[in-house]
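Protein chains: 2
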Amino acid sequence: MIEPMLSVRRGTQAVDFYKSAFGATEEFRVEAPDGAVVSKLVVDGAAFWVADESPEHEHFSPETLGGTTARIVLVSQDPDALFARAVAAGARQVWPVADQEYGWRVGRIKDPFGHHWEIGKPLEPT
Amino acid sequence: MIEPMLSVRRGTQAVDFYKSAFGATEEFRVEAPDGAVVSKLVVDGAAFWVADESPEHEHFSPETLGGTTARIVLVSQDPDALFARAVAAGARQVWPVADQEYGWRVGRIKDPFGHHWEIGKPLEPT
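For the protein sequence lines, the chains are A and U, in the order given. Going from the first sequence to the working numbering is simple: count from 1 and add 55. Going from the second sequence to the working numbering is simple: count from 1 and add 55.
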């Protein structure tokens with residue numbers, strides 16, 4: 056299994072956002088005395104992690120660095136619906152869901168914590 | 056499915072590194088006229104992507120930003136062997152594989168392209 060761990064500011068708020076935006080469920084959480092969290096979230100059986108940034112370990116939020124070093128491909132059977140849900144929850148559309156010539160139906164959002172998501176699925180062969 | 060897409064410099068070299076370090080196989084590759092690649096790699100049935108950085112889309116390599124906004128958890132049945140293989144291929148040990156009090160056997164590396172990997176597995180209940 057390969058599971059990305061996203062560095063964010065305001066980790067507890069980020070967890071709430073991903074629950075709302077993607078219908079994620081939280082499987083595991085560790086909370087430090089200072090409020091920093093490490094949380095494992097699951098969407099349609101696939102896991103990702105959210106952790107408050109720790110600059111001493113070279114883990115920064117996209118807000119701190121002004122960009123990301125990894126974007127996340129989220130494969131969904133209904134990317135249009137999931138994309139719309141994420142935008143309604145506060146994500147910003149970068150480009151809308153559309154059929155791409157490389158054989159995917161996919162769109163891109165930037166979430167309120169600076170992470171980029173490509174929400175899509177492979178097109179059926181025609 | 057959730058699949059991280061890692062931004063790197065020297066994309067074709069990075070793909071070769073991940074094949075060597077993790078035994079990854081390449082399932083898909085798009086190469087631009089300027090040599091930039093987008094590559095889908097698979098390790099033990101789990102996928103991740105490698106793409107040359109595109110600053111115009113806020114996608115930067117860790118080398119450019121001096122850190123990462125996401126680290127990658129790689130679950131392996133034999134984390135000790137996979138960790139050793141990655142280090143032999145050129146990754147740097149951040150901390151060695153060891154049993155952690157939160158119930159995982161895990162170590163951390165930083166690869167030559169700046170990405171951080173936690174290689175581990177859940178400990179068996181004792």
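By construction, the Cβ of each residue, glycine as well, lies at the ideal position given by its N, Cα and C atoms. Model, not experiment: these values are computed from the prediction.
The three-state secondary structure of Arg140/U, taken from DSSP, is helix. Within 10 angstroms of the beta-carbon of Glu58/A lie 16 or more other beta-carbons, which makes it buried. About 15 Å separates the CB atoms of Val130/A and Ile164/A; that is not less than 8 Å, and the two are not in contact. With respect to the 8 Å criterion, Val92/A and Arg84/A are classified as neighbours on the basis of their beta carbons.
Per the coordinates, the alpha-carbon of Asp135/A lies some 38 Å from the alpha-carbon of Tyr157/U. Closer than 8 Å to the CB of Thr124/A there is at least one CB belonging to chain U. Within the region 94–147 of chain U, the complete beta strand (DSSP E) runs of at least 3 residues fall at 101–107, 125–130. Boundaries of the alpha helix (DSSP H) harbouring Gly66/U: 66–77, taken from the DSSP string.
For Ser62/A, at least one C-beta of chain U is nearer than 8 Å to its own C-beta.
By the beta-carbon neighbour count (other beta carbons within 10 angstroms, threshold 16), Ser62/U is buried.
When rounded, the separation of the alpha-carbon atoms in Lys95/A and Leu120/A is 23 Å. Annotated as distal: Glu118/U and Gly175/U, with beta-carbon spacing of 8 Å or more. Closest in C-alpha terms to Gln68/A, from the list Trp159/A, Asp166/A, Ala153/A, comes Asp166/A. Taking 8 Å as the CB threshold, Pro117/U lines the interface with chain A. Closest by C-alpha distance to Asp99/A, out of Met60/A, Leu137/A, Ala146/A, is Leu137/A.
Here Ala87/A is exposed: its Cβ has fewer than 16 other Cβ atoms, across all protein chains shown, within 10 Å. At a cut-off of 8 Å between C-beta atoms, Ile164/U does not count as an interface residue with respect to chain A. Within chain A, the residues whose beta carbon sits less than 8 Å from that of Trp104/U are Val128, listed in sequence order.
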